[in-house]
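K.L.:
Just so you know, the protein sequences line up as chains H and S, in that order. This note's numbering puts the first residue of the first sequence at 404, with every later residue one more than the last. This note's numbering puts the first residue of the second sequence at 404, with every later residue one more than the last. The C-beta atom is built at its ideal place from N, Cα and C for all residues, glycine as well. For clarity, every value in this text was computed on a predicted model and none was experimentally measured. Attaching a single structure in structure tokens format; questions to follow.
2 protein chains.
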Amino acid sequence: MRTVVIIGTGLLGSSFGLAVKRAGIFDWVVGVSSPAVVAKAIEIGAVDVAMTLEEALPTADLVLLAQPVKRILSLLERLDLHLRLGTLVTDVGSTKAEICAAASTFLTRSTFVGGHPMAGKEIRGPEGASAELFVDRPWVLTEPNEALISIVEAVGGKPVLLGPEEHDRMVAFSSHLPQLLSTALGSYLSDKQVTSVSGPGLRDMTRLALSSFDLWQDILETNSPNVDSAIAGLISELEGLRSALKSGTAGEYFERGASLSAGLRQGQ
Amino acid sequence: MRTVVIIGTGLLGSSFGLAVKRAGIFDWVVGVSSPAVVAKAIEIGAVDVAMTLEEALPTADLVLLAQPVKRILSLLERLDLHLRLGTLVTDVGSTKAEICAAASTFLTRSTFVGGHPMAGKEIRGPEGASAELFVDRPWVLTEPNEALISIVEAVGGKPVLLGPEEHDRMVAFSSHLPQLLSTALGSYLSDKQVTSVSGPGLRDMTRLALSSFDLWQDILETNSPNVDSAIAGLISELEGLRSALKSGTAGEYFERGASLSAGLRQGQ
Numbered sequence: 404m405r406t407v408v409i410i411g412t413g414l415l416g417s418s419f420g421l422a423v424k425r426a427g428i429f430d431w432v433v434g435v436s437s438p439a440v441v442a443k444a445i446e447i448g449a450v451d452v453a454m455t456l457e458e459a460l461p462t463a464d465l466v467l468l469a470q471p472v473k474r475i476l477s478l479l480e481r482l483d484l485h486l487r488l489g490t491l492v493t494d495v496g497s498t499k500a501e502i503c504a505a506a507s508t509f510l511t512r513s514t515f516v517g518g519h520p521m522a523g524k525e526i527r528g529p530e531g532a533s534a535e536l537f538v539d540r541p542w543v544l545t546e547p548n549e550a551l552i553s554i555v556e557a558v559g560g561k562p563v564l565l566g567p568e569e570h571d572r573m574v575a576f577s578s579h580l581p582q583l584l585s586t587a588l589g590s591y592l593s594d595k596q597v598t599s600v601s602g603p604g605l606r607d608m609t610r611l612a613l614s615s616f617d618l619w620q621d622i623l624e625t626n627s628p629n630v631d632s633a634i635a636g637l638i639s640e641l642e643g644l645r646s647a648l649k650s651g652t653a654g655e656y657f658e659r660g661a662s663l664s665a666g667l668r669q670g671q
Numbered sequence: 404m405r406t407v408v409i410i411g412t413g414l415l416g417s418s419f420g421l422a423v424k425r426a427g428i429f430d431w432v433v434g435v436s437s438p439a440v441v442a443k444a445i446e447i448g449a450v451d452v453a454m455t456l457e458e459a460l461p462t463a464d465l466v467l468l469a470q471p472v473k474r475i476l477s478l479l480e481r482l483d484l485h486l487r488l489g490t491l492v493t494d495v496g497s498t499k500a501e502i503c504a505a506a507s508t509f510l511t512r513s514t515f516v517g518g519h520p521m522a523g524k525e526i527r528g529p530e531g532a533s534a535e536l537f538v539d540r541p542w543v544l545t546e547p548n549e550a551l552i553s554i555v556e557a558v559g560g561k562p563v564l565l566g567p568e569e570h571d572r573m574v575a576f577s578s579h580l581p582q583l584l585s586t587a588l589g590s591y592l593s594d595k596q597v598t599s600v601s602g603p604g605l606r607d608m609t610r611l612a613l614s615s616f617d618l619w620q621d622i623l624e625t626n627s628p629n630v631d632s633a634i635a636g637l638i639s640e641l642e643g644l645r646s647a648l649k650s651g652t653a654g655e656y657f658e659r660g661a662s663l664s665a666g667l668r669q670g671q
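This is the structure:
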């Protein structure tokens, strides 16, 4: 493939630009974004040239949609006419069911594969971009597309094949629930004056709470039944742990928790 | 002061040994611990000499009790007779109300000040020890003792004066609740097969879950009413967030959470 068009050159889009340029797998990296953001992406070497959406799309062999979920949803409604027949289109949106449904409705000339690299940072925008961002991180693909699997591997990611509904159910547990727990903990403690007696544990547990609702609103709204059920499940778990502390059986919770945590650290 | 006796030369005891030796504030660091643990503490240079409890206590100008809370409670019942009049005794136990009550019952010849350095690691034992462990970390003291404040400052800690009951109420929020949340999250996800779709957020949120119940049992049992009420409060917060997600007002939770988290990072 010759040309990749990255729509949205923020943290993920610019990191993808840096990573494909390092891997040397495209001749041209075209950026479509607001003037300041795409200028910064060019400055850091993530993008070769800025174009408007209408200019960029016909040049694309691969289109990467790297905007928030609802922006991707609205883009999908108006891409198709501008694309060459058979262009590969993917995205990095954090939820997949609504995006894949919209793509299957609106994209008739191109091949869409939903994507979700499990990578991120609190620093948004091209300022936080790194060619290393995807290295050794899972990158979910909703279809077994050979070309895209090669590209994900070339930027260091680990392709994971998962249908859109299954993806959304899983990330409610692995990503959305941890975010909401961190937010709830930070919110709960905000009037408790704990800062002078806190250690590294509380710091870790509230890092995600730095994330802004701007970023999360789309994600949570496009995955609400799964998110609601994950919170409900965690509340039950906490009620169970509370009872176990009273009956002296909390050790089982610590064992299960330690085992999951150790497993994550072994990359199992 | 000439001699510090450290009872329990695990992570905290050995780190204290390394830190006071670097600061040069004692002539002798005596370790009392099980043979293997004290041998390791000597090997890493945290302790000069190993003694039995009965040998060590009469030599002490300062005694540091660095064992789990219930071991400290039982030690307090039998220290007094062996100490010289006026010896300063402190501890690093994670809860303070029961320990300070026991000290005031059983220590009549010595001066007891409860202590709690807000520092730790998942690596237990002298193997994890570091002279840096206390640097810039809060170190709660239950009484305004000048000598002890100087020692805490000499090892890099930030003395925080807090009564034992107030301490226990605060750490239920700042330390015990984050631990239990991490454990509950890990336990809840242990049958959900999330490992292949997880990112750095879940890793952070489950780091504390690696801690063992061995270490936590004493802490949670000696602070159970505060811990129970902190869990109940967090459950209410999660129920509130769940409703807010449905009514479109979750942004407030994100703002409060981000503000607490940013405050912790500014050391406010």
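Do glycine 602(H) and proline 541(S) have their CB atoms nearer than 9 Å?
P.N.:
Here residue 602(H) corresponds to residue number 199 of the first sequence, with the count starting at 1. Here residue 541(S) corresponds to residue number 138 of the second sequence, with the count starting at 1. Contact flag set, yes.
K.L.:
Extract the residue ranges of the beta strand (DSSP E) inside the stretch 469–527 of chain S, only unbroken runs of 3 or more that lie entirely within it.
P.N.:
491–494, 514–516 and 518–520, all fully within the stretch 469–527 of chain S.
K.L.:
Specify the secondary structure class of isoleucine 409(H) as computed by DSSP and reduced to three states.
P.N.:
Position 6 of the first sequence, counted from the start, is the residue given in the question as residue 409(H). Isoleucine 409(H) falls in the strand class under three-state DSSP.
K.L.:
What did DSSP end up calling leucine 605(S) once you bin it into helix, strand or coil?
P.N.:
Counting from one through the second sequence, the residue named residue 605(S) turns up at place 202. Helix at leucine 605(S).
K.L.:
So for valine 433(S), helix, strand or coil by DSSP?
P.N.:
By one-based count along the second sequence, residue 433(S) stands at place 30. Valine 433(S): strand per DSSP, three-state reduction.
K.L.:
Do proline 520(S) and glycine 560(S) have their C-beta atoms within less than 9 Å of each other?
P.N.:
Indexing the second sequence from 1 puts residue 520(S) at position 117. Indexing the second sequence from 1 puts residue 560(S) at position 157. Going by C-beta atoms, proline 520(S) is nearer than 9 Å to glycine 560(S).
K.L.:
Please report whether the beta-carbon of lysine 649(S) lies at a distance below 9 Å from any beta-carbon of chain H.
P.N.:
Within the second sequence, residue 649(S) is the residue found at index 246, counting from 1. It does: the Cβ of lysine 649(S) has a partner Cβ on chain H nearer than 9 Å.
K.L.:
Which word fits serine 507(H), buried or exposed, when buried means at least 16 other C-beta atoms lie within 10 angstroms of its C-beta?
P.N.:
Here residue 507(H) refers to the residue found at position 104 of the first sequence. Label assigned to serine 507(H): exposed.
K.L.:
Roughly how many angstroms lie between the CA atoms of glutamate 658(H) and leucine 623(S), to the nearest whole one?
P.N.:
As a position in the first sequence, residue 658(H) is number 255, starting the count at 1. As a position in the second sequence, residue 623(S) is number 220, starting the count at 1. Cα to Cα, glutamate 658(H) sits roughly 16 Å from leucine 623(S).
K.L.:
Ordered along the chain, which non-local residues of its own chain (more than five positions away) have a Cβ less than 8 Å from that of isoleucine 445(S)?
P.N.:
Stepping through the second sequence from its first residue, residue 445(S) is reached at position 42. Here the set comprises Gly434, Asp451, Val452 and Ala453.
K.L.:
Counting Cβ pairs, one atom from each stretch, are 3 or more of them under 8 Å apart for the stretch 501–517 of chain H and the stretch 471–484 of chain H?
P.N.:
As far as the Cβ criterion goes, the stretch 501–517 of chain H touches the stretch 471–484 of chain H, which means the pair count is three or higher.
K.L.:
Using a Cβ cut-off of 7 Å, pull out every chain S residue sitting near lysine 595(H), in sequence order please.
P.N.:
Within the first sequence, residue 595(H) is the residue found at index 192, counting from 1. Ordered by position in chain S, the residues that pass the 7 Å Cβ test against lysine 595(H) are Phe576.
K.L.:
Please report whether the beta-carbon of alanine 500(S) lies at a distance below 9 Å from any beta-carbon of chain H.
P.N.:
Within the second sequence, residue 500(S) is the residue found at index 97, counting from 1. No, alanine 500(S) lies away from the interface with chain H (no Cβ there is under 9 Å from its Cβ).
K.L.:
For valine 453(S), which three-state DSSP category applies?
P.N.:
Translated into the one-based positions of the second sequence, residue 453(S) becomes position 50. The sequence shown places alanine at residue 453(S), rather than the valine named in the question. Strand.
K.L.:
Does the separation of the CB atoms of arginine 668(H) and arginine 487(S) fall below 9 Å?
P.N.:
Locating residue 668(H) in the first sequence gives position 265, where the first residue counts as 1. Locating residue 487(S) in the second sequence gives position 84, where the first residue counts as 1. Taking 9 Å as the Cβ cut-off, arginine 668(H) and arginine 487(S) do not qualify as a contacting pair.
K.L.:
Report all residues from its chain with a CB closer than 6 Å to the CB of threonine 586(H); omit the five preceding and five following residues, and keep chain order.
P.N.:
Residue 586(H) sits at position 183 when you count from the first residue of the first sequence. Same-chain partners within the cutoff: Ala612.
K.L.:
Below 7 Å between beta carbons is the criterion; list the residues of the stretch 410–425 of chain H that meet it against any residue of chain S, in chain order.
P.N.:
Cβ contacts with chain S: none found.
K.L.:
Within this structure, are the beta carbons of valine 563(S) and valine 543(S) separated by less than 9 Å?
P.N.:
Within the second sequence, the letter at position 160 stands for residue 563(S). Within the second sequence, the letter at position 140 stands for residue 543(S). Yes, they are a contact pair.
K.L.:
At the level of alpha carbons, what is the spacing between valine 408(S) and alanine 522(H)?
P.N.:
Here residue 408(S) refers to the residue found at position 5 when the second sequence is read from its first residue. Here residue 522(H) refers to the residue found at position 119 when the first sequence is read from its first residue. Roughly 48 Å between the two C-alpha positions.
K.L.:
Could you tell me whether the stretch 454–468 of chain H touches the stretch 573–583 of chain H, where touching means 3 or more Cβ pairs closer than 8 Å?
P.N.:
The stretch 454–468 of chain H, when compared against the stretch 573–583 of chain H, does not touch it at the 8 Å Cβ threshold.
K.L.:
Please classify glycine 489(H) as buried or exposed, where buried requires at least 16 other C-beta atoms within 10 Å of its C-beta.
P.N.:
Mapped onto the first sequence, residue 489(H) falls at position 86. With fewer than 16 other Cβ atoms within 10 Å, it is exposed.
K.L.:
Since glutamate 546(H) contacts phenylalanine 509(H) with CB under 8 Å, what's their CB separation in whole angstroms?
P.N.:
Position 143 of the first sequence, counted from the first residue, corresponds to residue 546(H). Position 106 of the first sequence, counted from the first residue, corresponds to residue 509(H). So it is not a contact: roughly 17 Å between Cβ atoms.
K.L.:
Counting only beta-carbon atoms, is glutamine 470(H) nearer than 9 Å to chain S?
P.N.:
Taking the first sequence and counting its residues from 1, the one referred to as residue 470(H) is at position 67. No, its Cβ sits nowhere closer than 9 Å to a Cβ of chain S.
K.L.:
Since proline 529(H) and threonine 652(H) are thought to touch, with beta carbons under 8 Å apart, how far apart are those beta carbons, to the nearest angstrom?
P.N.:
Position 126 of the first sequence, counted from the first residue, corresponds to residue 529(H). Position 249 of the first sequence, counted from the first residue, corresponds to residue 652(H). Not confirmed; about 51 Å, so no contact.
K.L.:
Can you confirm whether glutamine 671(H), when its beta carbon is compared against all beta carbons of chain S, has any partner nearer than 9 Å?
P.N.:
Here residue 671(H) is taken as the residue at index 268 of the first sequence, counted from 1. Low confidence applies here, because glutamine 671(H) scores a pLDDT of 44, under 50, leaving its location unreliable; read the following figure in that light. So, interface residue.
K.L.:
Quick one: what does DSSP say proline 547(H) is sitting in, helix, strand or coil?
P.N.:
If you number the first sequence from 1, residue 547(H) lands on position 144. Proline 547(H) falls in the coil class under three-state DSSP.
K.L.:
Run through chain H and tell me which residues come within less than 8 Å of aspartate 621(S), C-beta to C-beta.
P.N.:
Your numbering for residue 621(S) matches position 218 in the second sequence. Going along chain H, no residue has its Cβ under 8 Å from aspartate 621(S), so there is no contact; the nearest lies around 12 Å.
K.L.:
Determine the chain H residues that contact alanine 653(S) at a beta-carbon separation under 9 Å, and present them in chain order.
P.N.:
As a first step, residue 653(S) must be located in the second sequence, where it is residue number 250. Result: Leu583, Thr586, Phe616, Trp619, Gln620 and Leu623.
K.L.:
Kindly list, in the order they appear in chain S, the residues whose Cβ is closer than 9 Å to that of aspartate 607(H).
P.N.:
Along the first sequence, read from residue 1 onward, the residue named residue 607(H) stands at position 204. Ordered by position in chain S, the residues that pass the 9 Å Cβ test against aspartate 607(H) are Pro581, Ser585, Asp607, Met608, Arg610 and Leu611.
K.L.:
Could you name the residues of the stretch 494–521 of chain H whose beta carbon sits closer than 7 Å to any beta carbon of chain S, in the order they occur along the chain?
P.N.:
Residues Met521.
K.L.:
Can you find a C-beta in chain H that's less than 9 Å from the C-beta of leucine 491(S)?
P.N.:
Looking up residue 491(S) in the second sequence gives position 88. No, leucine 491(S) lies away from the interface with chain H (no Cβ there is under 9 Å from its Cβ).
K.L.:
Using only CA atoms, which one of Thr455(H), Ser646(H), Glu640(H) and Thr598(H) lies nearest to aspartate 631(S)?
P.N.:
Start at 1 with the first residue of the second sequence, and residue 631(S) comes out as number 228. Answer by Cα proximity: Ser646(H).
K.L.:
Which bits of chain S does aspartate 631(H) rub up against, with CB to CB less than 9 Å?
P.N.:
For the purposes of this step, residue 631(H) is taken as the residue at position 228 of the first sequence. Result: Arg645, Leu648 and Lys649.
K.L.:
Can you tell me where the alpha helix (DSSP H) holding proline 567(S) begins and where it ends?
P.N.:
Working through the second sequence from its first residue, we reach residue 567(S) at position 164. Proline 567(S) -> alpha helix (DSSP H) spans 567–574.
K.L.:
Could you check the C-alpha separation between glutamate 642(S) and alanine 635(H) for me, to the nearest Å?
P.N.:
Residue numbering aside, residue 642(S) sits at position 239 when the second sequence is read from its first letter. Residue numbering aside, residue 635(H) sits at position 232 when the first sequence is read from its first letter. Those two C-alpha atoms are separated by around 8 Å.
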